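Engineer:
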Amino acid sequence: MALSISSTARAAEPAGAAAGGSVSVSPAGASADANASKPAKKAKKKQQGAADGDDTPWIKRHRPTRNQLELGIYGGILLPSKEHELYNPGDPSVTWQPYKTVAPDIGLRFGYYPLSFLGLEIEGGVAPTKTATSGQSAVIGMFRGYGILQLPYRIAPFALIGYGLMGTSGLGKDIDPTLHFGGGVKFYVNQRLLLRLDVRDNATAQYRTDGGRTNHLEVLLGLSIVLNKKKPAPAPDPDSDGDGFKDKVDKCPTTPGVAPDGCPLATPAPEPDSDGDGFLDSQDACPQEPGVAPDGCPEKDSDGDGFVDSKDKCPEVPGVAPDGCPPPDRDKDGIPDAEDKCPDIPETKNQYQDQDGCADEVPRAVTKFTGVIKGIFFDVDKDSIKKTSRATLDNAVKVLKDFPDVKVEISGHTDSTGDRDHNIDLSKRRADAVKQYLVDKGIDGGRISTRGAGPDEPIADNKTAKGKSQNRRIEFKLQ
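Sequential numbering of the sequence shown, starting at 1, is according to UniProt numbering.
#1: Tell me the start and end of each unbroken beta strand (DSSP E) in the region 420-455 that is at least 3 residues and wholly inside, in chain order.
#2: Sorted by chain position, which residues of the same chain lie with C-beta nearer than 6 angstroms to Cys-325's C-beta, five sequence neighbours on each side aside?
#3: Run through the region 102-177 for me and flag every whole beta strand (DSSP E) of 3 or more residues, listed as ranges in chain order.
#4: Am I right that Arg-451 and Thr-414 are in contact with their C-beta atoms under 8 angstroms? What's the rounded C-beta distance?
#5: Considering just the uninterrupted stretch of the alpha helix (DSSP H) at Gly-467, what are its terminal residues?
#6: Name the two residues that bound the continuous alpha helix (DSSP H) containing Ala-203.
#7: Can you give, in chain order, each stretch of the beta strand (DSSP E) that sits fully within the UniProt region "Disordered" (231-358) and has at least 3 residues?
#8: Alpha carbon to alpha carbon, what distance is there between Leu-86 and Ile-148?
#9: Measure the alpha-carbon distance for Val-292 versus Pro-327 and round it to whole angstroms.
#10: Please report how far the alpha carbon of Thr-56 lies from the alpha carbon of Asp-176, in whole angstroms.
#11: Among Lys-82, Tyr-112 and Gly-262, which one has its Cα closest to the Cα of Lys-100?
#12: Taking the straight line between their C-alpha atoms, what separation do you get for Ile-443 and Pro-404?
#13: Please name the residue in Ile-474, Gly-418 and Asp-201 whose C-alpha comes closest to that of Lys-435.
#14: Are Tyr-153 and Lys-60 close, meaning C-beta to C-beta below 8 angstroms?
#15: Just the C-alpha distance for Leu-426 and Ile-376, rounded to the nearest angstrom, thanks.
#16: On the three-state DSSP scale, how would you describe Ile-59?
#17: DSSP three-state call for Thr-367: helix, strand or coil?
#18: For Ile-225, decide whether its Cβ has a neighbour in chain D, counting only Cβ atoms nearer than 8 angstroms.
#19: Since Ile-373 contacts Phe-476 with CB under 8 angstroms, what's their CB separation in whole angstroms?
#20: Taking the alpha-carbon positions, what's the Arg-144 to Trp-58 distance?
#21: Alpha carbon to alpha carbon, what distance is there between Pro-455 and Arg-420?
#22: Whole angstroms are fine: how far does the CA of Lys-382 sit from the CA of Thr-464?
#23: Go ahead and label Asp-461 buried or exposed: buried means 16 or more other beta carbons lie within 10 angstroms of its beta carbon, across all protein chains shown.
#24: At the level of alpha carbons, what is the spacing between Lys-332 and Glu-339?
#25: Do the region 205-219 and the region 67-83 touch if we need at least three Cβ pairs shorter than 8 angstroms?
#26: Could you tell me the alpha carbon to alpha carbon distance between Pro-272 and Asp-284, rounded to whole angstroms?
#27: In terms of alpha-carbon separation, which member of Leu-120, Val-102 and Ala-396 lies closest to Asp-440?
#28: Hey, Asn-228 and Leu-108 are a contact pair by Cβ (cut 8 angstroms); roughly how many whole angstroms apart?
#29: When the Cα of Pro-322 is compared with those of Pro-287, Glu-121 and Lys-311, which residue comes out closest?
#30: Judging by CA-CA distance, which residue of Ile-106, Pro-270 and Ile-155 is the nearest neighbour of Pro-64?
#31: Would you kindly check if the distance between the Cβ of Ala-431 and the Cβ of Gly-412 is under 8 angstroms?
Encoded structure:
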C-alpha cells in the first residue's frame, strides 16, 4: 500500500497577496478571496473564524490552487493480467508464464497544476512479484505521465488519463507501452498535506493476440506534500469601529472613541427644562411653571379671571369674555344688567329672591319659618318626630308650596348632655327627619339642605334645664 504527500503554494501569487487579497480561477469561473481593505467588522469576523484565521466554508478550505506543485509517495497493490505480454519472446531461455495475481506496488509521483482544477503528473514505481508457475522472482516496473482533472475543493474527486511504459525483469527484459487511466479522490488535511486514493488501469498488449489489449489494475493509497504553499499571513489586528485603536487595546471596540482608551467622550446629561416651556431651568425664573419670554414665567393675570394682563382691558377687575372686563351692572348690585330684572335698582340681599336684581322684602309668612322653629319635638335621644309637631310642619309645607323659589337649610341642635359626637350625629338625623317629612308632603328635596350642629351652637345656658330645653331645637335658614 502507498501513501502520498502534497503541499500547495502559489507560484504566481498576485502582488497584493501578502495583504490578504488574491484571485483564483476554478471551473466555475473566478473566485475572489477576502480583500484586506474590507471593513474592520469583516476582519474581526475572520479573526474569530477558524483557528488559522480563515473563515471560508470548510469544504473550500485548504483546497487546490493555481501553479501548485505536489510531491508524493504511494503504495498499494498491482493485479497483473493473466494474459500479459511482459516477457521477452526473443530469449530462448524464457518461457511465458503468468505472474501471481497480487503484487505490492510502491512509487513516487510529482505533479504540477497550472490551474486549480487541471494538472499534469508523472509517476515511477515498481511491483516485486513472482511467476505463478515456477515461482521465479520478477520485478514489474512502471513509468507514466498523465493529465488529471479534479474538483477544486478540500475533498477533490478526480479523473486521469495518460501514456506510460510497463516493463519486467523476470521473464527476460521487456518494455511495453501502456494506456493509463483511472480516478480517485484527494483529501486536504491542511494547506500543505493531502491524502489520496487511486484506482488505475494499465492497458497493455495481450499475449498471443495481435492488436489485443489486456488490463493491469492498481489500487493505491498516497500521501503528498504541496511544495510551494505559502503560510498565510496572520490576520491583521482588527479595528472594528475604525477609530484608530486596535480591538486588543480598545476598551470600546464597537464604538468609535478617542484617547486614551478608544471609548467615546462621556456625553454630559442634558440640562433639564422641568416645565417644558423651552426655557432651561438655569435660565427660567419660574422653572416649575410653563411661561413665556423673557424670563420663562407665566404672563401675569392680576385679577385672576383667566385673561392675562396684556389681553385684559380690566386687568385689576375680574371679568369675562371677550375682553376680561366684568359685564355691565348699572346698579352695582353684583347682578349683570343682562340678568337683572331691575337693572337700575339694587337688589336687596335678604336671602329671598336675591338673584332677580330687584329690591324686595321677605314675606311675613316666610319670615315666620326662619330662625328657630318652635313646635317641633322628638322622642328622647331619637330622631323620631312626635305627633304634636305635625301642625307646625304642615304649616311649613304650605309656605314652601306658596313660595316655590324659597330654599332653606334645616339645622339640628342639641344641648351639651352626653357625648359630643353622638349629639352631632343625632342632630343631623333629626334635621334629615324634618326634611323627609317635607319631601313626603311634596316639597322638592333639592330645595332643602341639612346639617347637624350638635351642642356647638347654643343659644342659651346649658347649665340650666331651661337653657338646655332652648338649645334642643330645629332652625330654618333661607338660602
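Don't be surprised by glycine CBs; every beta carbon is placed ideally from N, CA and C. From a predicted model like this one, the values you see are computed outputs, not experimental measurements.
Structural biologist: Quick look at the numbers:
#1: 448-454
#2: The residue you call residue 325 lines up with position 325 of the sequence shown. Here the set comprises Lys-313, Cys-314 and Gly-319.
#3: 103-115, 118-130, 137-150 and 155-168
#4: One-based indexing of the sequence shown puts residue 451 at position 451. One-based indexing of the sequence shown puts residue 414 at position 414. Not quite, the Cβ-Cβ distance comes to about 13 angstroms (not below 8 angstroms), so this is no contact.
#5: Position 467 of the sequence shown holds residue 467. Taken as a continuous stretch (DSSP letters only), the alpha helix (DSSP H) holding Gly-467 covers 465-471.
#6: Walking along the sequence shown from the start, residue 203 turns up at place 203. No alpha helix (DSSP H) holds Ala-203; the beta strand (DSSP E) holding it covers 193-205.
#7: none
#8: Along the sequence shown, read from residue 1 onward, the residue named residue 148 stands at position 148. Along the sequence shown, read from residue 1 onward, the residue named residue 86 stands at position 86. C-alpha separation (whole angstroms): 27 angstroms.
#9: For the purposes of this step, residue 292 is identified with residue 292 of the sequence shown, where counting begins at 1. For the purposes of this step, residue 327 is identified with residue 327 of the sequence shown, where counting begins at 1. Spanning the two alpha carbons is a distance of roughly 29 angstroms.
#10: Counting from 1 along the sequence shown, the entry for residue 56 is found at position 56. Counting from 1 along the sequence shown, the entry for residue 176 is found at position 176. Between Thr-56 and Asp-176, the C-alpha separation is close to 47 angstroms.
#11: Locating residue 100 in the sequence shown gives position 100, where the first residue counts as 1. It is Lys-82 whose Cα lies nearest to the Cα of Lys-100.
#12: Locating residue 443 in the sequence shown gives position 443, where the first residue counts as 1. Locating residue 404 in the sequence shown gives position 404, where the first residue counts as 1. Using only the alpha carbons, I get a separation of about 9 angstroms.
#13: Locating residue 435 in the sequence shown gives position 435, where the first residue counts as 1. Comparing Cα-Cα distances from Lys-435 to each of Ile-474, Gly-418 and Asp-201, the minimum goes to Ile-474.
#14: The residue given as residue 153 occupies position 153 in the sequence shown. The residue given as residue 60 occupies position 60 in the sequence shown. Contact flag set, yes.
#15: Residue mapping note: residue 426 aligns to position 426 of the sequence shown, counting from 1. Residue mapping note: residue 376 aligns to position 376 of the sequence shown, counting from 1. Taking the straight line joining both Cα atoms gives about 15 angstroms.
#16: For this step, residue 59 is matched to residue 59 along the sequence shown. If DSSP states are grouped into helix, strand and coil, Ile-59 belongs with the helices.
#17: Taking the first residue of the sequence shown as position 1, residue 367 is located at position 367. Note: Thr-367 maps to helix in three-state DSSP.
#18: Here there is only one protein chain, and chain D is not present.
#19: Here the question's residue 373 lines up with position 373 in the sequence shown. Here the question's residue 476 lines up with position 476 in the sequence shown. Between Phe-476 and Ile-373 the Cβ distance is about 6 angstroms, and since that is below 8 angstroms, they are a contact.
#20: For the purposes of this step, residue 144 is taken as residue 144 along the sequence shown, with counting starting at 1. For the purposes of this step, residue 58 is taken as residue 58 along the sequence shown, with counting starting at 1. Cα to Cα, the separation comes out at about 34 angstroms.
#21: Indexing the sequence shown from 1 puts residue 420 at position 420. Indexing the sequence shown from 1 puts residue 455 at position 455. If I take the Cα positions, the gap works out to 7 angstroms.
#22: For the purposes of this step, residue 464 is taken as the residue at position 464 of the sequence shown. For the purposes of this step, residue 382 is taken as the residue at position 382 of the sequence shown. Taking the straight line from one Cα to the other gives about 22 angstroms.
#23: For the purposes of this step, residue 461 is taken as the residue at position 461 of the sequence shown. Per the 10 Å Cβ criterion, exposed.
#24: Within the sequence shown, the letter at position 332 stands for residue 332. Within the sequence shown, the letter at position 339 stands for residue 339. Distance between the alpha carbons of Lys-332 and Glu-339 is about 13 angstroms.
#25: yes
#26: If you number the sequence shown from 1, residue 272 lands on position 272. If you number the sequence shown from 1, residue 284 lands on position 284. Near 10 angstroms, if we compare the C-alpha coordinates of Asp-284 and Pro-272.
#27: Reading the sequence shown from its first residue, position 440 is the one you call residue 440. Nearest of Leu-120, Val-102 and Ala-396 to Asp-440, Cα basis: Ala-396.
#28: As a position in the sequence shown, residue 228 is number 228, starting the count at 1. As a position in the sequence shown, residue 108 is number 108, starting the count at 1. Rounded, the Cβ-Cβ distance is 18 angstroms, inconsistent with contact.
#29: Taking the first residue of the sequence shown as position 1, residue 322 is located at position 322. Of the listed residues, the one whose Cα sits closest to Pro-322 is Lys-311.
#30: Residue 64 sits at position 64 when you count from the first residue of the sequence shown. Comparing Cα positions, the closest option is Ile-155.
#31: As a working note, residue 412 is residue 412 in the sequence shown. As a working note, residue 431 is residue 431 in the sequence shown. Cβ distance < 8 angstroms, so Gly-412 and Ala-431 count as in contact.
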